[in-house]
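Novice: Structure incoming, see below.
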Amino acid sequence: MTSGTDSGHMGLALREAHLAAGRGEVPVGAVLVAPDGKVIASDGNRMREFSDPTGHAEMLVIRRVCEELSCERLSGFDLYVTLEPCTMCAAAISFARIRRLYFGASDPKMGAVEHGGRFFNQTSCHHAPEIYGGIGERAAAEVLRTFFGSRR
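My numbering puts the sequence shown at residues 977 to 1128.
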């Protein structure tokens, strides 16, 4: 269930990841897309910039759109993120009722979708989105490798 549009949305998320790297942030980008296919928000990690451990790209776009729409549910919205979401972000995706989650690179260490706690597979999870992993995986993994390689 991926299309050229999905690649374009992931391309925008990758651009946000590169911008995050330029700010000294872990290079993760996210794009939130409305049910009509319009990109509503995009951002990259800003934990260091905001001195906020919840400043993950996914959290930032979800918060922004919920605030703009004055609602806590984003049913019918799709989220594109360059890295498999962590437990915190997976919970926010569930609570926001995101329809579909597309992610690029897997994250065996901190990911919570295919790895770790597998948040959406837990009985305590009230909503699980449709999940599509590996979208733009090579490019997403490369931006992370380059970023962390430059810091070693």
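Beta carbons: idealized from backbone N, C-alpha and C, even for Gly. Source: prediction; values computed, not measured.
What residues in its chain sit with their C-beta under 6 Å from that of S1051, if we drop five residues either side in the sequence?
Specialist: As a working mapping, residue 1051 is identified with position 75 in the sequence shown. Correct list, in chain order: R1073.
Novice: Kindly confirm or deny that the region 1034-1045 and the region 1084-1098 touch, where touching means at least three C-beta pairs closer than 8 Å.
Specialist: No, the region 1034-1045 does not touch the region 1084-1098.
Novice: With R974 and G1000 assumed to form a contact (beta carbons below 8 Å), what rounded beta-carbon distance in angstroms separates them?
Specialist: Summary: the structure shown does not reach residue 974, with the chain confined to residues 977 through 1128, and so no result is reported for it.
Novice: May I have the straight-line CA-CA distance separating R1040 from S1018, to the nearest angstrom?
Specialist: The sequence position of residue 1040 within the sequence shown is 64, counting from 1. The sequence position of residue 1018 within the sequence shown is 42, counting from 1. Taking the straight line from one Cα to the other gives about 9 Å.
Novice: From V1009 to V1002, what does the alpha carbon distance come to, in whole angstroms?
Specialist: Against the sequence shown, residue 1009 aligns to sequence position 33. Against the sequence shown, residue 1002 aligns to sequence position 26. When rounded, the distance between both Cα atoms is 23 Å.
Novice: For T1058 versus A1104, is the C-beta distance shorter than 8 Å?
Specialist: Translated into the one-based positions of the sequence shown, residue 1058 becomes position 82. Translated into the one-based positions of the sequence shown, residue 1104 becomes position 128. Not in contact: T1058 and A1104 (Cβ atoms no closer than 8 Å).
Novice: Which same chain residues, not among the five before or five after M977, have their C-beta less than 7 Å away from its C-beta?
Specialist: If you number the sequence shown from 1, residue 977 lands on position 1. Annotation note: pLDDT 44 at M977 (below 50); position unreliable, no value reported.
Novice: Which whole-angstrom value is the C-beta distance of A1081 and A1116, which I expect to be below 8 Å?
Specialist: The residue you call residue 1081 lines up with position 105 of the sequence shown. The residue you call residue 1116 lines up with position 140 of the sequence shown. With a Cβ gap of about 4 Å, A1081 and A1116 count as contacting.
Novice: Alpha carbons only, please: which of R1127, V1004 and V1119 is nearest the one belonging to Y1056?
Specialist: Taking the first residue of the sequence shown as 1, we reach residue 1056 at position 80. Here the closest residue by C-alpha is V1004.
Novice: Measuring only the C-alpha atoms, how far is G1020 from F1124?
Specialist: Within the sequence shown, the letter at position 44 stands for residue 1020. Within the sequence shown, the letter at position 148 stands for residue 1124. About 16 Å.
Novice: Here's a check: name, in chain order, each residue in its chain whose Cβ is nearer than 7 Å to the Cβ of A1066, leaving out the five neighbours to either side.
Specialist: For the purposes of this step, residue 1066 is identified with residue 90 of the sequence shown, where counting begins at 1. Only A1088, V1089, F1095 and F1096 meet the Cβ criterion.
Novice: Within a Cβ cutoff of 6 Å, which residues of the same chain sit near S931, ignoring the five residues on either side of it in sequence?
Specialist: Shown here, the chain extends from 977 to 1128; a query on residue 931 therefore has no answer.
Novice: So, helix, strand or coil for S1126, using DSSP?
Specialist: The residue you call residue 1126 lines up with position 150 of the sequence shown. Three-state result, S1126: coil.
Novice: Residues in its own chain within less than 7 Å of R1022 by CB, not counting five upstream and five downstream?
Specialist: What you label residue 1022 is simply residue 46 of the sequence shown in a count that begins at 1. Cβ within range, chain order: E1001, G1031 and L1036.
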